[in-house]
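A.B. asks: Sharing a structure below in structure tokens format, with a few things to ask.
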Amino acid sequence: MTHRPYTPWLFLAPGLAICSLFVIFPFLNMIVLAFTDASALGGGQFTGVDNFVRMVQDPKFWAAARNSGLYMVGVVPPLVLLPLLIAMLVQKVVPGIGIFRTAFFTPVIASTVVVGLIWTWLLDSRGLVNNVVEALGGTRIGFLTDSTLLLISSMVVTVWRGLGYYMVIYLAALANVPKDLHEAAMVDGAGPVRRFWSVTVPSLRPTMVLVGALSAVNGFRVFSEIYLLSGGSGGPGGASTTLVMLIQSVGRGLTGEVGYASALSVVLFVILLGLLLVTLKLNRREDQL
Amino acid sequence: MKRAHVYLALRYLGLLAVLAISIGPFLWQFATSIKGPNEDVFVPDFIPDDPTFGNYAAVADVVPVWNFALNSLGVASVNVITNCLGAAMAGYALARLKFRGRRFAAVVFASSILVPFEAIMISLFLVMRGFGLTNTLTAVVLPGAIAALNVLLLRNAFLALPAEVEEAAIIDGANAWQRFTRLALPSVKGTLVVVALFSFMFSWDDFLWPLIVLSDQEKYTLTIGLAYLQGTFVQNQRLVAAGTIIAVVPLILLFLLLQKHFFRGVGEGAIKG
Numbered sequence: 001m002t003h004r005p006y007t008p009w010l011f012l013a014p015g016l017a018i019c020s021l022f023v024i025f026p027f028l029n030m031i032v033l034a035f036t037d038a039s040a041l042g043g044g045q046f047t048g049v050d051n052f053v054r055m056v057q058d059p060k061f062w063a064a065a066r067n068s069g070l071y072m073v074g075v076v077p078p079l080v081l082l083p084l085l086i087a088m089l090v091q092k093v094v095p096g097i098g099i100f101r102t103a104f105f106t107p108v109i110a111s112t113v114v115v116g117l118i119w120t121w122l123l124d125s126r127g128l129v130n131n132v133v134e135a136l137g138g139t140r141i142g143f144l145t146d147s148t149l150l151l152i153s154s155m156v157v158t159v160w161r162g163l164g165y166y167m168v169i170y171l172a173a174l175a176n177v178p179k180d181l182h183e184a185a186m187v188d189g190a191g192p193v194r195r196f197w198s199v200t201v202p203s204l205r206p207t208m209v210l211v212g213a214l215s216a217v218n219g220f221r222v223f224s225e226i227y228l229l230s231g232g233s234g235g236p237g238g239a240s241t242t243l244v245m246l247i248q249s250v251g252r253g254l255t256g257e258v259g260y261a262s263a264l265s266v267v268l269f270v271i272l273l274g275l276l277l278v279t280l281k282l283n284r285r286e287d288q289l
Numbered sequence: 001m002k003r004a005h006v007y008l009a010l011r012y013l014g015l016l017a018v019l020a021i022s023i024g025p026f027l028w029q030f031a032t033s034i035k036g037p038n039e040d041v042f043v044p045d046f047i048p049d050d051p052t053f054g055n056y057a058a059v060a061d062v063v064p065v066w067n068f069a070l071n072s073l074g075v076a077s078v079n080v081i082t083n084c085l086g087a088a089m090a091g092y093a094l095a096r097l098k099f100r101g102r103r104f105a106a107v108v109f110a111s112s113i114l115v116p117f118e119a120i121m122i123s124l125f126l127v128m129r130g131f132g133l134t135n136t137l138t139a140v141v142l143p144g145a146i147a148a149l150n151v152l153l154l155r156n157a158f159l160a161l162p163a164e165v166e167e168a169a170i171i172d173g174a175n176a177w178q179r180f181t182r183l184a185l186p187s188v189k190g191t192l193v194v195v196a197l198f199s200f201m202f203s204w205d206d207f208l209w210p211l212i213v214l215s216d217q218e219k220y221t222l223t224i225g226l227a228y229l230q231g232t233f234v235q236n237q238r239l240v241a242a243g244t245i246i247a248v249v250p251l252i253l254l255f256l257l258l259q260k261h262f263f264r265g266v267g268e269g270a271i272k273g
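Next up, the structure:
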């Protein structure tokens, strides 16, 4: 015997305690609460599917779900494509490349809050971007005051911050693309654009699926960018509120409707899990090809 | 040969364009933070006429920004220690000890990874209230104290170690704890650095959970402190800019010191996350 029977459990105790108390238990509790009218003050009666009926009839829910969905659809294509182009730009070792790679990663290490505040300042009605727009002969644009533009501006911030992160993932994958494929294509007279579509993209397909999945899940979970760019309001009349923002505003504080917020959370969880399962399935199909 | 020169020039042109896009906003923020009170902050001027660090002192007068920073530092440091130690212990048991129930324990950690924080945050707030911990820094630390992802990362690292060394130690009579601290732990240093780094960064950056669980200004971490600063003092952009620079500088220094681990961490997190 290499150890006493209870020894492994002593090793596991802290980790299991944290995960079960602060992840598994709240998760199960959320499912129970979703079927009650619990408030922030506690209590709550079992109300069956009332919360879900209310949700279907709640225009705020549909608006928030639509915004989260749009956000996801909006950030995935640029986050799959642009970091790949940047990775190809920094892949070749030329003088000074280390500095470029490090600099491109900087937005990733700055926290979302810092990034959000910097861009709020840049996109302000009197901010730097609008100054440039005006200097080019345009009129000032309400990047943060129009609900559609606010969503698009937040997407730009998310994409900007994701460039460096996904660039690193692509760099690792690019290193594994067989060199002779490129050489063979060159011998056949394929130009750079042609080689990108017929050699690079096909061999990076699994990585692109992975990046697409990660950015889709993160896109649907968006909170900080819109919260910060709108100063916590979710845009004019709350029109740019996302699902996570809605959960936070419904469930938080002394007037929090915990039951309803939990029902919204269940929906969020199901959608995110669904996205994950679709990804796994896509991944498996890639493996079979 | 001439064509190669054109390509190289184009490459540098592209690199410089991306460089401007990725660090330009930081430079602009820094420029704003050192502009004096008489300088127009709306004019696109990256080099102030009369640079001053007065805003860094001034921001501390309107909100206790150093206090916020200290709170963030405390939370992040505790997070690093609990994650490295707790996740390593659990990972070691899963990888190196044989016992009944190992599968069950692995399932608990694996399913924890699948639960997105955003879905349980309201319910988690109720748990913290049940413990009487709302509005404390303890409540900020606890949910991420031992992240399931780190347990699995370290489990994989321990699995990769050769069995022979430990077998020899068993014959020498070393118990499980001694084997863990003296043999296993030093051999997974690389993974531990990654776990430490990302625990620190995650904790330092966390916004949503402190926003939910903290209500007193004196308990604020830097992230919600900054959002509060922006909401209250939006008229004076110089102060907000100084605050954001205070928040970002420690991470940039950490990053420059430990660059290669950062890049490794992104790779590992992407594959296993």
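Same order as they appear, the protein sequences are chains U and B.
Position one of the first sequence corresponds to residue 1 (UniProt numbering), numbered consecutively onward.
Position one of the second sequence corresponds to residue 1 (UniProt numbering), numbered consecutively onward.
C-beta: ideal position from N, C-alpha, C; glycine also.
1) Using a Cβ distance threshold of 8 Å, determine whether the segment 239 to 258 of chain B contacts the segment 103 to 111 of chain U, with at least three qualifying pairs required.
2) As an exercise, report each continuous alpha helix (DSSP H) stretch of at least 4 residues that is fully enclosed by the segment 204 to 258 of chain U, in chain order.
3) Give me, in chain order, the residues of the same chain whose beta-carbon lies closer than 8 Å to that of residue 44 of chain U; leave out the 5 immediate sequence neighbours on both sides.
4) Looking at the C-beta of residue 29 of chain U, does it have a partner C-beta in chain B at a distance below 8 Å?
5) Under the assumption that residue 140 of chain B contacts residue 210 of chain B (Cβ atoms under 8 Å), give the Cβ distance between them as a whole number of angstroms.
6) Which residues mark the beginning and the end of the alpha helix (DSSP H) in which residue 125 of chain B is found?
7) Going by CA-CA distance only, name the one from U:206, U:188, U:155 that's closest to residue 172 of chain U.
8) Kindly identify the DSSP beta-bridge partner or partners of residue 42 of chain U.
9) For residue 215 of chain U versus residue 79 of chain U, is the C-beta spacing smaller than 8 Å?
10) Applying a beta-carbon distance threshold of less than 8 Å, which residues of chain U neighbour residue 205 of chain B?
11) Are the beta-carbon atoms of residue 113 of chain B and residue 149 of chain B separated by less than 8 Å?
12) Beta-carbon of residue 289 of chain U versus every beta-carbon of chain B: anything under 8 Å?
13) Which of the residues in the segment 183 to 215 of chain B, read from start to end, lie with their CB under 8 Å from any CB of chain U?
14) My understanding is that residue 72 of chain B touches residue 222 of chain B, with C-beta atoms under 8 Å, so please give their C-beta distance in whole angstroms.
15) Enumerate in chain order the residues of its own chain whose CB-to-CB distance from residue 137 of chain B is below 7 Å, with the five nearest sequence positions on each side excluded.
16) How big is the Cα-Cα spacing for residue 9 of chain B and residue 32 of chain B?
17) When the Cα atoms are used, what is the spatial distance from residue 186 of chain U to residue 195 of chain U?
18) Applying the criterion that 16 or more other CB atoms from any shown protein chain within 10 Å of the CB defines a buried residue, is residue 83 of chain U buried or exposed?
19) Assuming the contact rule is C-beta atoms closer than 8 Å, residue 220 of chain U and residue 272 of chain U should be a hit. Round their C-beta distance to whole Å, please.
20) For residue 94 of chain U, which residues in chain B fall below 9 Å Cβ to Cβ?
21) Might you give, ordered along the chain, the residues of its own chain that have their beta carbon closer than 6 Å to the beta carbon of residue 247 of chain U, omitting 5 neighbours on each side?
22) Are there 16 or more other CB atoms within 10 angstroms of the CB of residue 37 of chain B, so buried, or fewer, so exposed?
23) Is residue 136 of chain B helix, strand or coil by DSSP?
24) Taking residue 25 of chain B as the query, report the chain U residues whose CB atoms sit under 9 Å from its CB, ordered along the chain.
25) Using a C-beta to C-beta distance shorter than 9 Å, which residues of chain B count as neighbours of residue 20 of chain U?
C.D. replies: Inspection of the coordinates gives the following:
1) yes
2) If we require 4 residues or more, the alpha helix (DSSP H) runs fully inside the segment 204 to 258 of chain U come out as 224 to 229, 243 to 251.
3) The beta carbon of residue 44 of chain U lies closer than 8 Å to those of 33, 36, 37, 38, 258, 259 in the same chain, with the five residues before and after it left out.
4) yes
5) 5 Å
6) Element bounds for residue 125 of chain B: 117 to 130.
7) If we check each option's Cα against that of residue 172 of chain U, U:206 comes out closest.
8) U:39
9) A contact, by the Cβ cut-off of 8 Å.
10) 111, 112, 113
11) yes
12) Because the pLDDT at residue 289 of chain U is just 48, under 50, the model does not fix this residue reliably, and the value given afterwards should be weighed accordingly. No, its Cβ sits nowhere closer than 8 Å to a Cβ of chain B.
13) 201, 204, 205, 207, 208, 211, 212
14) Taking 8 Å as the upper bound for CB-CB distance, residue 72 of chain B and residue 222 of chain B are in contact here, some 4 Å apart.
15) 71, 74, 75, 219
16) Inter-residue distance for residue 9 of chain B and residue 32 of chain B is about 33 Å (C-alpha atoms, whole angstroms).
17) Roughly 8 Å between the two C-alpha positions.
18) buried
19) 6 Å
20) 8, 11, 12, 15
21) 261, 264, 265
22) exposed
23) Correct three-state label for residue 136 of chain B: coil.
24) Residues of chain U passing the Cβ test: 107, 115, 118, 119, 121, 122, 128, 160.
25) 108, 112
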